[in-house]
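Residue numbers (this note's numbering): 9 to 429. Notes to accompany the following structure.
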Ligand SMILES: [Zn+2]
């Protein structure tokens, strides 16, 4: 019997990690970071008989601790080539801003490239004695995977983060999955129903157009990997006149380069290329000031106005009623974005701002909502047993309850719990 240990993302979002052992051999799926101060990681695992490490996708809550593992082992890293390149970009960026507070160094980050065995979707790879691994598209960000492991004739699926619905950037998660015995699933939005995707996109484009037509500029704070490109694609598909420039700040340019090299992970490589051509990349403060003066649409990290360049734009744009600030992701309570949406005021860089610009939210989720999640999970053949992770405690419980109501066996994966498979 194989043993599965839940190392992280148990009743929380952050620091994912799953350790699977069979006899003396083992594999690890995800090893992420949680942005506490200092950053925290799942417990360290024995690496002597580690046969491989798999990452579901590049977001640091899934990949941020991987160099800590690779420095201890020669085992290969399995992920899509897009995930490898995006992870490297995010890991290097985190290293730069962490000022030596990480349990690994730059050399260890380079192992993500040298130890990676780039694995496309749908190809089964044998690793070690007992394990076989296959990646399937997860639909969450370009390159994201559902990781399927076969051990002793049983099949376990780790969903990572997934979105069953296609978007302008990502094809939806793989339908018609093979039979599985166990599914370890995310539960981020297990208590939410999202409005139809097209409605949200329309709402976003309408707000942007209204702003531009009244002579204002639109600031869209957005995470640089995935979300910024999604917005670029939505705007490209819309009828926004070409006289209005679209500026993109932050690491979006590096991400655009990576995605251009891996078009097979995009919903429409052509539409993405048109979006890239249309956008103007911003590099420094001089260009930021110039862009705001000229007016148009600015897409800039961070998505919740915390860090990144978005707070610089905010300070130049908050006091004009013609401008708008448009949030496109969930705003975690306690972030400037959440404060602004709730009160119309916000504290940025220790200063309180009374915001006169129009503040809106059009939430473009890159996760399935509770309906989409349940629908996809219940369609996995083989009557699998479920473990819920990667959600607030209440969301993990809610998904278990929903699955049980449908007559399925389901449990919340608890921190450092080991189960037999
Ligand atoms: Zn993610």
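C-beta atoms are modelled at their ideal positions from N, C-alpha and C, and glycine is treated no differently.
query	result
Ligand 1 heavy atom lying under 7 Å from the CB of residue 169	yes
Residue interval of the alpha helix (DSSP H) (run including residue 39)	No alpha helix (DSSP H) contains residue 39, which is instead part of the beta strand (DSSP E) from 33-39.
Within 8 Å, strictly: CB atoms of residue 34 and residue 24	no
Unbroken beta strand (DSSP E) run spanning residue 29, endpoints	25-30
Same chain, Cβ closer than 6 Å to residue 178, neighbours up to 5 away in sequence not counted	147 and 275
Selected residue, minimal CA-CA separation from residue 109, among 277, 49, 217 and 83	49
Counted within 10 angstroms of its Cβ, other Cβ atoms place residue 73 as buried (16 or more) or exposed	buried
Minimum Cβ-Cβ distance from residue 400 to chain D less than 8 Å	The structure shown contains no chain D; it holds only a single protein chain.
Cutoff 6 Å; reference residue 443; Cβ partners in own chain excluding five residues on either side	This structure leaves residue 443 out entirely; the chain is present only between 9 and 429.
Residues that DSSP places opposite residue 255 in a beta bridge	288 and 306
The segment 269-289 in contact with the segment 153-164 per 3-pair CB rule at 8 Å	no
Three-state secondary structure assigned by DSSP to residue 146	coil
Closest Cα partner of residue 336 within the set 293, 70 and 306	306
Host beta strand (DSSP E) of residue 395 (start-end)	393-397
Cβ-based burial, residue 203 [other Cβ within 10 Å; buried from 16]	exposed
Proximity test, residue 67 beta-carbon vs ligand 1 heavy atom, cut-off 7 Å	yes
At least 3 beta-carbon pairs within less than 8 Å: the segment 338-355 vs the segment 378-393	no
Beta-carbon contacts of residue 252 that lie in its chain and below 7 Å, excluding the five residues immediately before and after	220, 304 and 305
Heavy atom of ligand 1 within 7 Å of residue 443 beta-carbon	Residue 443 falls outside the range modelled here, since the chain spans only 9 to 429, and no answer is possible.
8 Å Cβ cutoff met for residue 350 and residue 326	no
Extent of the continuous beta strand (DSSP E) to which residue 432 belongs	Outside the modelled stretch of the chain, which goes from 9 to 429, sits residue 432, for which no answer is possible.
Residue 84, DSSP secondary structure in three states	strand
Residues of its chain near residue 189, where Cβ-Cβ distance is below 8 Å and the 5 sequence neighbours each way are ignored	162, 163, 164, 390, 392, 393 and 429
Beta-carbon separation (whole angstroms), residue 65 vs residue 152, contact threshold 8 Å	4 Å
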